[in-house]
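A.B. asks: Numbering (the working numbering), first residue to last: 1 to 299. Backbone N, C-alpha and C define an ideal beta-carbon position, used for all residues, glycine too. On a predicted model such as this, the values are computed, not experimentally measured, just so you know. One structure, as structure tokens, below. Some questions next.
Encoded structure:
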């Protein structure tokens, strides 16, 4: 079905230009739909308008039988549903065959977090006597101090960091801008990095606006950030899998545990829906139960 390929290209353009979704999100949608269209081609359908609800259900059952998780199935359904709604809106098809297809119930897994002593242990494990260590501490302080995503961190330019006023400008999913305050520890660590360490990283390399650089003077990559965290976790002898998102979870959990307003945390994390932020209230309640079970004589 050549029609399907043209429709997919139009849909990807719609997601990118009109909805301005993040590049990773668009890639995820496209990947799911390429798999879906490959299945449709195997059925030798003549047009997209030939697709009916039982065909979509047959495809979803195929995914389920292959061992896909509820979360993965839910993502596929969202991709397919959005695609068919687009086809109806563009008058490529006359009906939406995904109506009344429900999303599977997803078991809500509470995220792992680092305790405050573990955060301090992680930071103390880094040798700050050289440019690399000064940079790594600034990176960790900024991740934990703001709760930003690793993709947001590596995209930060020098002009986005306002140390005197104590905030950083972050561009989240869909290039949505938000302002996140910086604590004293993050300000001090970033100030030292910018003044002492970053010039060493730049060296004789062409000038760049990127805040965080590797030791070759180029913008730090996602993989580079993961390696820094992994090395710090190993040095600190922390058994949990250290990742940028673990620091993001820890940031949100520690704020809420200390009484932060949920809306303020939502704003700082860049969540579009507050229900996503509410997950951290469940983490906090679980910790309360753990403390109660451990210390109350009648627990």
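DSSP puts residue 134 in a beta bridge; with which residues?
C.D. replies: None, per the DSSP bridge assignment.
A.B. asks: Where does the unbroken alpha helix (DSSP H) through residue 192 begin, and where does it stop?
C.D. replies: 184-192 is the span of the alpha helix (DSSP H), which, as asked, contains residue 192.
A.B. asks: Within a Cβ cutoff of 8 Å, which residues of the same chain sit near residue 32, ignoring the five residues on either side of it in sequence?
C.D. replies: Correct list, in chain order: 75, 76, 79, 80.
A.B. asks: So, residue 176 versus residue 22, is the Cβ gap smaller than 7 Å?
C.D. replies: Cβ distance not < 7 Å, so residue 176 and residue 22 don't count as in contact.
A.B. asks: Report yes if the C-beta distance between residue 3 and residue 60 is below 7 Å; otherwise report no.
C.D. replies: The answer is no: Cβ separation not under 7 Å.
A.B. asks: In angstroms, rounded to a whole number, what distance separates the CA positions of residue 65 and residue 91?
C.D. replies: If I take the Cα positions, the gap works out to 33 Å.
A.B. asks: To which residues does DSSP link residue 178 through a beta bridge?
C.D. replies: BP columns for residue 178 point to 170.
A.B. asks: With distance defined between alpha-carbon atoms, name the residue in 239, 262, 269 nearest to residue 114.
C.D. replies: Here the closest residue by C-alpha is 239.
A.B. asks: Measuring alpha carbon to alpha carbon, tell me which of 157, 123, 95 ends up nearest residue 141.
C.D. replies: Minimum Cα distance to residue 141 is reached at 123.
A.B. asks: Looking only at its chain, what residues have a beta carbon closer than 7 Å to the beta carbon of residue 166, apart from the 5 residues adjacent to it on each side?
C.D. replies: The residues are 181, 182, 187.
A.B. asks: CA-CA distance, residue 8 and residue 26?
C.D. replies: Each residue's Cα considered, the two are about 11 Å apart.
A.B. asks: Which residues mark the beginning and the end of the alpha helix (DSSP H) in which residue 24 is found?
C.D. replies: Where residue 24 is concerned, the enclosing alpha helix (DSSP H) stretches over 23-42.
A.B. asks: Please list the terminal residues of the continuous alpha helix (DSSP H) segment that includes residue 93.
C.D. replies: Careful: residue 93 lies outside any alpha helix (DSSP H) and carries neither H nor E.
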